[in-house]
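Engineer: The opening residue of the sequence shown carries number 27 in this note's numbering; numbering runs sequentially from there. Where a beta carbon is used, it is the ideal one built from N, C-alpha and C, also for glycine. From a predicted model like this one, the values you see are computed outputs, not experimental measurements.
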Amino acid sequence: MGIKKRKWWLVAIGVIGALVIGIGAAGLWYIVQLKPVDNSNTERVAVVIESGSSPSEIAHMLKEKKLVRNAFAFLVYARVNGAASNFQAGLHRISQSQSVPEVVETLQNADTEEKVVQFVPGAMLRDNSSTSTEKKQDIRTTLERLGYQQEEIERAFVADYSDYNDTLFRDRPAGAGIEGYVWGETYYVAADATVEQILRRTFDEYVKQIKENNLEAAFEKQGLTLYEGITLASIIQKEVSCHGKQVCDDQKQVAQVFLKRLNEGISLGSDVTFIYAAAQDGKTPTVDYDSLYNTRIHQGLPPGPISTPGLGALLAVAEPAEGDYLFFVSGDDGTMYYTRTDEEHNEITRKYCQVNCLLPQ
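#1: Helix, strand or coil: which one does DSSP assign to Y363?
#2: Sort out for me which residues DSSP pairs H371 with in a bridge.
#3: If you reduce the DSSP assignment to three classes, tell me which class A216 lands in.
#4: Quick one: give me the first and last residue of the beta strand (DSSP E) that S260 is part of.
#5: Just to confirm the assignment, what range does the beta strand (DSSP E) spanning A347 have?
#6: Could you tell me the distance, in whole angstroms, from the CA atom of A109 to the CA atom of L151?
#7: Relative to the C-alpha of Q223, which candidate in I75, A347, V143, G148 has its C-alpha closest?
#8: Start and end of the beta strand (DSSP E) containing H118?
#9: Tell me the DSSP secondary structure of R70 in three-state form.
#10: Mind checking whether S77 and M87 have CB atoms under 9 Å apart?
#11: Alpha carbon to alpha carbon, how far is E180 from D153?
#12: Nearest CA to the CA of A219: which residue from A85, S317, G173?
#13: Any contact between the segment 227-240 and the segment 257-273? By contact I mean 3 or more CB pairs, one from each, below 8 Å.
#14: S317: buried (16+ other C-beta within 10 angstroms of its C-beta) or exposed?
#15: The alpha helix (DSSP H) with E205 in it runs from where to where?
#16: Expressed to the nearest angstrom, what Euclidean distance is found between the alpha-carbon atoms of N240 and K271?
#17: Please identify the residue among K278, N372, I374 whose C-alpha is closest to the C-alpha of L341.
#18: Report the option in T367, T361, G357, Y302 whose CA atom is closest to the CA atom of V381.
#19: Per DSSP, K377 is paired with what?
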């Protein structure tokens with residue numbers, strides 16, 4: 027019996043020893059995870075915490091941005107120290123040289139000297155449709171959410187930006203507005219920035235994209251001026267979803283379709299153009315909506331852009347896909363179908379677009 031008892035104690039001692047080693051290893055791992063990702067990298071990265079973000083969401087965002095070594099370890103530290111419920115919504119600037127305790131401290135004090143302004147590709151200046159305010163992404167609504175008054179916004183929309191006439195606004199007709207020119211991007215601006223200052227930031231970014239991608243020369247090869255290229259790209263932006271990608275093949279193929287129709291004197295027939303026209307007037311969109319923007323009833327390009335195109339749509343116009351298609355339709359399954367004749371188009375539409383195209387069964 028004495029031998030058995032000794033064996034039992036040996037087992038117990040072994041188990042306790044393993045637990046102690048395991049706990050020690052876990053503790054060592056935890057300590058390592060709290061260290062900076064890169065002590066030598068002091069560049070501060072902008073981090074925006076949206077109102078209502080959970081500590082877990084914040085932890086994973088920091089890991090994705092490579093600002094912490096491990097999301098779980100960050101979360102444990104924040105909760106143990108009672109900081110997880112004190113993270114402040116807003117803009118924070120964090121570097122890889124900060125340890126988790128330093129990151130946690132930073133997140134409890136939002137930067138009040140800057141604000142975040144986010145415009146999305148495909149946004150129009152104004153959306154007067156019946157869409158709920160919460161779902162609207164137009165430029166005016168976005169600025170109103172930031173606290174700007176509609177009067178200041180409207181003044182900025184019609185302000186004198188003639189210093190851009192030789193760059194961004196080249197070929198823009200006299201009297202045309204800035205629809206299509208508010209580059210979709212996230213901007214960090216001074217807390218007291220005016221709407222006009224914000225818009226100028228977007229124009230500067232647009233100019234940069236045009237120059238870096240040599241878009242003006244590329245549009246010229248397609249027989250388009252800069253203004254016309256932007257206008258066509260704005261239609262493609264609204265017609266084709268790249269599902270999160272910046273560039274996709276469907277935008278290039280749709281560009282091929284539209285350019286061929288323009289060259290052959292066939293109306294673009296784009297539904298998004300009459301939808302845009304109706305949204306500006308606060309009316310219900312119809313196929314025969316009376317507007318020069320309605321490319322179902324008017325040949326050629328509309329008078330101007332209907333949204334701000336993203337880089338993918340602009341590049342699609344600059345370098346369209348090969349092909350001789352004249353028609354396309356977005357099917358109910360999310361697939362784009364391309365055809366060459368009216369008969370083929372009608373057949374494909376009836377087969378694959380019963381819901382999107384509102385056709386009878």
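Structural biologist: Looking at the atomic coordinates:
#1: Residue state, collapsed to three classes: strand.
#2: Its beta-bridge partners do not exist; DSSP assigns none.
#3: strand
#4: No beta strand (DSSP E) holds S260; the alpha helix (DSSP H) holding it covers 252-265.
#5: From DSSP, A347 is part of no beta strand (DSSP E); its letter is neither H nor E.
#6: Between A109 and L151, the C-alpha separation is close to 40 Å.
#7: V143
#8: Here the beta strand (DSSP E) through H118 covers 116-121.
#9: strand
#10: The Cβ atoms of S77 and M87 do not sit closer than 9 Å to each other.
#11: 13 Å
#12: G173
#13: no
#14: buried
#15: It is not in any alpha helix (DSSP H) - E205 carries neither H nor E in the DSSP assignment.
#16: 21 Å
#17: It is K278 whose Cα lies nearest to the Cα of L341.
#18: G357
#19: Answer is none; K377 lacks a bridge partner.
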